[in-house]
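Counting from 1, position 40 in the sequence shown corresponds to residue 40 in full-length UniProt numbering; the numbering is continuous, with no gaps.
Note that CB positions come from ideal geometry on N, CA and C, so glycine has one too.
Every value quoted in this text rests on a predicted model; they were computed, and no experiment measured them.
These notes concern the structure reproduced below.
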Amino acid sequence: MEEDFENLVADVFSRRCTSRTVLETITSRWSILALAALYEGPYRFNALRRRVDGVSEKMLSQTLQALERDGMVLREAEHTIPPRVEYSLTALGREAAEQLIPLISWAEGRMPEVMSAREAYQGR
C-alpha cells in the first residue's frame, strides 16, 4: 500500500496525474450539486433527487456511488421495511463542498456578465 502512495503523481497538468479522476468526479454537473445539497445536511435518496432538480434517478445513483467510492459520501442503510437509506458527507466530502460552494455562488452572481458574453458571442 505504501508503494502505491509513492507512485502518485500530483500534477494536474500531467496526463499521469492521479488526482484527475477525483477532479473529474467532483466537478461533474451532478456531483457539484449533490455535494452542495449534502452540505446542507443528510438526505434520503428521493429527497436529494428533488433537491437536485433535473437529475435522473440513474444519474443520481451513479453520482452518489462515485462520490462514495472516492470517500466523499457516506451511505447508511437501515434494515427496515421499507429500507431506509440516507446519504451524508464525510469529512473529505465536506471539505470538497466547502471549496465548491463559493464557485456556485460566483456562477450564480455572475450570470448577467455570462449572459452578455453569450449574446456578444452569438452576434459575431
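Per the coordinates, the alpha-carbon of residue 35 lies some 12 Å from the alpha-carbon of residue 49. Residue 10 and residue 25 have their C-alpha atoms some 16 Å from each other. For residue 65 and residue 106, the gap between their C-alpha atoms comes out near 27 Å.
Contact annotation: residue 87 and residue 121 have beta-carbon atoms that are not nearer than 8 Å.
Beta-bridge analysis with DSSP links residue 107 to no other residue. When the five nearest sequence neighbours on each side are left out, the beta carbons in the same chain lying within less than 8 Å of the beta carbon of residue 67 are those of 25, 26, 31, 34, 35, 73, 93, in order along the chain. Residue pairing of residue 73 in beta bridges, as defined by DSSP: 89.
Remark: C-beta atoms of residue 85 and residue 96 do not approach each other more closely than 8 Å.
The residue from 113, 111, 100 with its alpha-carbon nearest to that of residue 38 is 100. Straight-line spacing of the CA atoms in residue 53 and residue 89 works out to 19 Å.
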